[in-house]
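The next block holds one structure in the form of structure tokens; read it before the comments.
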Amino acid sequence: MKYIYCHPLFDERKCAHRFSYRLKTALEEKGLVLQRFDYCGTGEAPGEFADVSLQSLRADIVRQTEGDQVCLIGLRLGASLALDYCVRGAGPAKTVVLIEPVVNGKTYVQYLRRKQRIKNLMTRSSGREFQDDGYENIEGYKTSAKFISQLENINLLEPAGAYSHANSVFIAGISNRQKVDPGLAALAKSLQGKARHVSVENFVLPIFWERIGPADCTELTTAIARWCCG
Amino acid sequence: MDKVGYFRSAANQLSYSTELPVQHARRTGIIFVHAADGNRLGPHRMFVELARRFALLGYPALRFDLSGCGDSTGEVSQQGIDAEVFDVAGAVEFFTANAPLDGVVLFGISRGARVCYTAMARYRLPLKGLILLSTPVSSGKAGLKSFAGELKQYIYKLKEPSHLWKLLRGRANIARIWTTLVTAGRLADRYETQEKTVPASKAPVLFIYAGHDSIAEESSRYYAAKCRDNALPYDCRFIAEANHSFFHYKWTEQIFDLSEEWLERISEQVVKL
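Going line by line, the protein sequences match chains P and Z. Going by numbering that gives the first Met the number 0, the first residue of the first sequence is number 0, and it counts up by one from there. Going by numbering that gives the first Met the number 0, the first residue of the second sequence is number 0, and it counts up by one from there.
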């Protein structure tokens, strides 16, 4: 069994790196090896971010799994890609752990643009000074319009309707409140009766993928290790 | 990325990646030093892209995670920058011992830049130069400006209806906001005043600041004076439209162009000497 971690993208990739390291350590304590990899054009992988697309991300995950039975653990967009892997039946997955997945792509792109807009305001920039046709600056990444449009079309509730795989899906919501996010609850509901087991759990933690700085995620990493072992 | 591994620094294992030129390797390496709580990717993967481009010019490059960051063991130091300065000295020792190098250029950003400057002042290192981005200085004024900068960012956030709605519904993380503001204000006494003694190592320095960085004006003046006092050759350049972390891919290109031109210049100066 392979345990594969799917990173988020953009600034979330950097902010959440330490979390992925802590998760790897937590799994090692249970005797499990977590494979972390970067999609082409991101992190330390070869390639340019400008060439990243939904197709390239999907192909990168398939390359990692190599058709083996896997447990996929994803954070944010990485979680959405992990579920997408199962929905498309790209390979056998025993367990899927979705940490605060991007359920609605439109909302996600709005959120990315909002963050960029605030950065532009801080530098009194209109955001149009350095425009390249077909590309947008998202948190310092040269992002193709094609990829942004693909991100906007993500809707986990729709493909989840076609989901029919005998695996376990664990959804972890992260917030500063006790209550499960309604979007995640809806995602869990849409998977009921289709996956072998579906559960959603909320963790009261800092939004560690938004901001660098120490965050104690032991409760979350322990829970994930437990799900992977189960 | 040619090689990944670990080297030791005090009790910690520091994770690193190297980019080595395929041919015509120069004997000057470049070591990247990241900012507070960051990692060896640098902001928006800037270090990865720059290391690859420098390797194409023949400069071997090493990126590493400071103690308690990225994939390195240990915890982030809550007290001063001594542990990070020690990590940088260890990285220089490791890289020069394991690659055919005569010396290295330290390339740091923000807190990482300050760490590089202190490493030069404190240790005898085979340094060929320093490229320092957004190097901060500690002073009451810098602390106030940093605090005001963060506050301004929150005010801009409130102009976004979704953020305002979140605040009105009591869902904003007030404790987190307060911590951020206090941390920004603590720039006033975050770093010790640089030693008045002669630096243990001497190398030319290229300072790059962002025009829209609240600390740029005071910091650039401070370090220019320091360099003059210590007879260190220096150059200070501004990227007018940029912010502290250079959050546009075009600014990464400008940083590369400035660095490339400066590296060529200092290597010519060495040959003339």
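Just so it is clear, CB atoms sit at the ideal spot from N, CA and C, and this is done for glycine as well.
Pull the bridge partners of residue i from the DSSP assignment, please.
| i | result |
| --- | --- |
| residue 171 of chain P | P:98, P:200 |
| residue 178 of chain Z | BP columns for residue 178 of chain Z are empty, so no partner. |
| residue 143 of chain P | P:134 |
| residue 103 of chain P | P:154 |
| residue 70 of chain P | P:2, P:94 |
| residue 36 of chain P | P:5 |
Compare the Cα-Cα distances from residue i to each of the options and report the closest residue.
| i | options | result |
| --- | --- | --- |
| residue 51 of chain P | P:189, P:134, P:72, P:179 | P:134 |
| residue 155 of chain Z | P:190, P:41, P:119, P:178 | P:119 |
| residue 238 of chain P | P:164, P:216, P:166 | Nothing about residue 238 of chain P can be read from this structure; chain P reaches only from 0 to 229. |
| residue 175 of chain Z | P:98, P:210, P:14, P:170 | P:210 |
| residue 59 of chain P | P:49, P:81, P:74 | P:81 |
| residue 161 of chain Z | P:226, P:106, P:138, P:146 | P:106 |
| residue 95 of chain Z | Z:29, Z:4, Z:212, Z:109 | Z:29 |
| residue 198 of chain Z | Z:210, Z:211, Z:226 | Z:226 |
| residue 3 of chain P | P:55, P:94, P:181, P:49 | P:94 |
| residue 182 of chain Z | Z:127, Z:149, Z:164 | Z:149 |
| residue 70 of chain Z | P:144, P:179, P:24 | P:24 |
| residue 101 of chain P | P:218, P:6, P:39, P:228 | P:6 |
| residue 207 of chain Z | Z:234, Z:121, Z:57 | Z:234 |
| residue 247 of chain Z | P:207, P:38, P:136 | P:136 |
| residue 249 of chain Z | P:138, P:117, P:61, P:178 | P:138 |
| residue 91 of chain P | P:83, P:113, P:66 | P:66 |
| residue 40 of chain Z | Z:261, Z:265, Z:244, Z:121 | Z:244 |
Assuming residue i and residue j form a contact by the criterion Cβ under 8 angstroms, report the distance between their Cβ atoms to the nearest whole angstrom.
| i | j | result |
| --- | --- | --- |
| residue 152 of chain P | residue 103 of chain P | That belief does not hold up - the Cβ atoms of residue 152 of chain P and residue 103 of chain P are roughly 10 angstroms apart, past 8 angstroms. |
| residue 205 of chain P | residue 214 of chain P | 5 angstroms |
| residue 258 of chain Z | residue 205 of chain Z | 7 angstroms |
| residue 87 of chain Z | residue 114 of chain Z | 6 angstroms |
| residue 106 of chain Z | residue 32 of chain Z | 7 angstroms |
| residue 18 of chain Z | residue 50 of chain Z | 4 angstroms |
| residue 29 of chain P | residue 228 of chain P | 6 angstroms |
| residue 184 of chain P | residue 156 of chain P | Incorrect: roughly 11 angstroms between the Cβ atoms, too far for contact. |
For the ligand NAD, any of its heavy atoms closer than 8 angstroms to the Cβ of residue i?
| i | result |
| --- | --- |
| residue 40 of chain P | With respect to the ligand NAD, the structure offers nothing, as it holds no ligand at all. |
What is the residue span of the beta strand (DSSP E) that residue i lies within?
| i | result |
| --- | --- |
| residue 234 of chain Z | 233-238 |
| residue 14 of chain Z | 11-18 |
| residue 5 of chain P | 1-5 |
| residue 60 of chain Z | 60-63 |
| residue 7 of chain Z | 2-8 |
| residue 102 of chain Z | 102-108 |
| residue 206 of chain Z | 204-209 |
| residue 56 of chain Z | Careful: residue 56 of chain Z lies outside any beta strand (DSSP E) and carries neither H nor E. |
| residue 214 of chain Z | From DSSP, residue 214 of chain Z is part of no beta strand (DSSP E); its letter is neither H nor E. |
| residue 223 of chain P | Unbroken run through residue 223 of chain P is the alpha helix (DSSP H), 217-228; no beta strand (DSSP E). |
| residue 129 of chain Z | 126-132 |
Label residue i either buried or exposed according to how many other C-beta atoms from any shown protein chain fall within 10 Å of its C-beta, with 16 as the threshold for buried.
| i | result |
| --- | --- |
| residue 88 of chain P | exposed |
| residue 2 of chain Z | exposed |
| residue 115 of chain P | buried |
| residue 212 of chain Z | buried |
| residue 173 of chain Z | exposed |
| residue 168 of chain Z | exposed |
| residue 21 of chain Z | exposed |
| residue 226 of chain P | buried |
| residue 48 of chain P | buried |
| residue 181 of chain P | exposed |
| residue 44 of chain Z | buried |
| residue 271 of chain Z | The predicted model places residue 271 of chain Z with a pLDDT of 45, which falls under 50 and marks its position as unreliable; any figure quoted below should be read in that light. Exposed. |
| residue 127 of chain Z | buried |
Return the first residue and the last residue of the alpha helix (DSSP H) that residue i is part of.
| i | result |
| --- | --- |
| residue 85 of chain P | 76-86 |
| residue 32 of chain Z | Note, residue 32 of chain Z: premise wrong, no alpha helix (DSSP H); beta strand (DSSP E) at 27-32. |
| residue 30 of chain P | Taken as a continuous stretch (DSSP letters only), residue 30 of chain P belongs to no alpha helix (DSSP H), as it is neither H nor E. |
| residue 61 of chain P | 53-64 |
| residue 154 of chain Z | 139-157 |
| residue 93 of chain Z | 81-97 |
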